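For the record, in the sequence shown the residue sitting at position 4 is 4 according to full-length UniProt numbering, with numbers rising by one throughout. Ideal Cβ positions, reconstructed from N, Cα and C, are used throughout, including at glycine. On a predicted model such as this, the values are computed, not experimentally measured, just so you know. Report on the structure given below.
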Amino acid sequence: MVAVDRGRYTCLVESVGEKGRRRKKDRPEGAAMSGRIVVAMKARELGRKGIVVGDRVALVGDVSGASDTLARVVRVEPRTSMLRRSADDTDNTDGIERPVVANADQLVIVTALADPPPRPRMIDRMLVAAFDADIEPMLCLTKSDLASPDELVSLYSPLGVPYVVLQKGGTLDEVRECLSGRISVLVGHSGVGKSTLVNALVPDANRAVSHVNAVTGRGRHTSTSAVALELPEGGWIIDTPGVRSFGLAHVSVETVLAGFPDLVEGTIACPKGCTHLSEECALDAWVAAGHADPTRLVSLRRLLASREGAPDED
Numbered sequence: 001m002v003a004v005d006r007g008r009y010t011c012l013v014e015s016v017g018e019k020g021r022r023r024k025k026d027r028p029e030g031a032a033m034s035g036r037i038v039v040a041m042k043a044r045e046l047g048r049k050g051i052v053v054g055d056r057v058a059l060v061g062d063v064s065g066a067s068d069t070l071a072r073v074v075r076v077e078p079r080t081s082m083l084r085r086s087a088d089d090t091d092n093t094d095g096i097e098r099p100v101v102a103n104a105d106q107l108v109i110v111t112a113l114a115d116p117p118p119r120p121r122m123i124d125r126m127l128v129a130a131f132d133a134d135i136e137p138m139l140c141l142t143k144s145d146l147a148s149p150d151e152l153v154s155l156y157s158p159l160g161v162p163y164v165v166l167q168k169g170g171t172l173d174e175v176r177e178c179l180s181g182r183i184s185v186l187v188g189h190s191g192v193g194k195s196t197l198v199n200a201l202v203p204d205a206n207r208a209v210s211h212v213n214a215v216t217g218r219g220r221h222t223s224t225s226a227v228a229l230e231l232p233e234g235g236w237i238i239d240t241p242g243v244r245s246f247g248l249a250h251v252s253v254e255t256v257l258a259g260f261p262d263l264v265e266g267t268i269a270c271p272k273g274c275t276h277l278s279e280e281c282a283l284d285a286w287v288a289a290g291h292a293d294p295t296r297l298v299s300l301r302r303l304l305a306s307r308e309g310a311p312d313e314d
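Written as structure tokens, this is what we have:
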């Protein structure tokens, strides 16, 4: 599934050169792909089952890809991963989950070093979502020609999160190497240069580019839906709309803690139901005794605070 738009599902099937391949002008906005494009609707028997970009599905009916034809999606194959976000933690939504992308194996968190300034709390939330989905995270730091990446890199080095640093007019060789052969979903808030990056990686993607508001320091949403794009050197990127929040009400404390295996043993002495944010938490004594790096505990608690809806003051 390469795009979903108002009840129409755009799927990529078979290989280059097949008859019936949809013409470029008939592709979904921003789609640059090599196989045959088939537009489908969801079969009634699937009921309320959601289908998202990245899903692998079974089709029946007219799968020629000819203009003005519709196939039917009759089955969604088992997923290897599912990136989710909740409605905002502060909303009265009871942690309603919103599936974002299926079957990705890498989450690329795109953030600008300036214009707009980085928002570590937002990055924290996206890292928690990556842990929850069992997807490898990576930081992609843009606009290094405007500000140094050192402070942000040092903040996340205790987590061991890989990163790439980009600047205007610079080479994309490093980021291409990180994306090659993988299914990567790109996330970030508006104005960080995500669409510019996508257009550079996939020259005929034609993703709309936003501008940062000089007063608010925020960009406007230009991508309205997720779309999967095939990379010329192999692999896929899934571009997602810019976000201004990333709710985590659906994520458990245990899920976040699983990203810190060096701290897990220290929680054995914690009181039942410990959130690891209170004075009763046993992790302070565990770390003080030299069993783990103190910066790791700071990182864990920052992520847990993000999960609980700590205000985004960045």
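Whether residue i touches residue j by CB criterion (7 angstroms)
{"i": "C270", "j": "A282", "result": "yes"}
{"i": "G7", "j": "V38", "result": "no"}
{"i": "V227", "j": "D239", "result": "yes"}
{"i": "R182", "j": "G235", "result": "yes"}
{"i": "A249", "j": "S86", "result": "yes"}
{"i": "V187", "j": "M138", "result": "no"}
{"i": "L127", "j": "V165", "result": "no"}
{"i": "L12", "j": "G35", "result": "yes"}
{"i": "S184", "j": "D134", "result": "no"}
{"i": "V110", "j": "K194", "result": "yes"}
{"i": "A112", "j": "V192", "result": "yes"}
Nearest-angstrom Cα separation, counted from residue j out to residue i
{"i": "R79", "j": "D105", "result": "11 angstroms"}
{"i": "R296", "j": "E308", "result": "19 angstroms"}
{"i": "P203", "j": "D124", "result": "31 angstroms"}
{"i": "E45", "j": "V76", "result": "12 angstroms"}
{"i": "D68", "j": "I237", "result": "27 angstroms"}
{"i": "P149", "j": "P117", "result": "11 angstroms"}
{"i": "Y156", "j": "S299", "result": "8 angstroms"}
{"i": "G273", "j": "H189", "result": "33 angstroms"}
{"i": "E136", "j": "G61", "result": "37 angstroms"}
{"i": "A130", "j": "V63", "result": "34 angstroms"}
{"i": "I268", "j": "E279", "result": "15 angstroms"}
{"i": "L70", "j": "N103", "result": "24 angstroms"}
{"i": "D132", "j": "T196", "result": "28 angstroms"}
{"i": "L179", "j": "E265", "result": "34 angstroms"}
{"i": "A40", "j": "E177", "result": "33 angstroms"}
{"i": "L229", "j": "V101", "result": "13 angstroms"}
{"i": "E151", "j": "G170", "result": "21 angstroms"}
{"i": "A285", "j": "E233", "result": "49 angstroms"}
{"i": "L231", "j": "D55", "result": "18 angstroms"}
{"i": "R119", "j": "V2", "result": "29 angstroms"}
Close beta carbons around residue i, own chain, < 8 angstroms, minus the five adjacent residues each side
{"i": "L304", "result": "V253, V256, T275, H276 and L277"}
{"i": "V4", "result": "T10, I51, V52, V53, S225 and A226"}
{"i": "A114", "result": "K143, L146 and A147"}
{"i": "S306", "result": "R121, D124, R125, V128 and L248"}
{"i": "H221", "result": "Because the pLDDT of H221 is 39, which lies under 50, any placement of that residue in the model is unreliable, and the question is left without a value."}
{"i": "R23", "result": "Residue confidence is low: R23 scores 42 on pLDDT, short of 50, so the model does not pin down where it sits. No coordinate-derived value is stated."}
Residues bridged to residue i (per DSSP)
{"i": "D5", "result": "R8"}
{"i": "L139", "result": "I109 and Y163"}
{"i": "E230", "result": "W236"}
{"i": "I37", "result": "L12"}
{"i": "R98", "result": "R85"}
{"i": "residue 370", "result": "One cannot answer for residue 370 here, as it falls past the ends of the chain, which runs 1 to 314."}
{"i": "V73", "result": "K42 and L59"}
{"i": "G247", "result": "S86"}
Cut-off 7 angstroms between Cβ atoms - residues of its own chain near residue i, not counting five sequence neighbours on either side
{"i": "R293", "result": "A small correction: the amino acid at residue 293 is Asp; Arg does not occupy that position in the sequence shown. For D293, where only same-chain residues beyond five positions count, the Cβ hits under 7 angstroms are P158."}
{"i": "E174", "result": "V164"}
{"i": "K42", "result": "Y9, I51 and V73"}
{"i": "D262", "result": "A292 and R296"}
{"i": "A200", "result": "L172"}
{"i": "R301", "result": "H276 and L277"}
{"i": "L83", "result": "V100, V101, A104, L107, A129, A133, I135 and V185"}
Cβ neighbours of residue i in the same chain (closer than 6 angstroms, five flanking residues each side left out)
{"i": "S154", "result": "none"}
{"i": "Q167", "result": "S144 and D145"}
{"i": "R98", "result": "R85"}
{"i": "K19", "result": "Confidence at K19 is low in this model, with a pLDDT of 39, below 50, so its placement is unreliable and no value can be given for it."}
{"i": "K49", "result": "none"}
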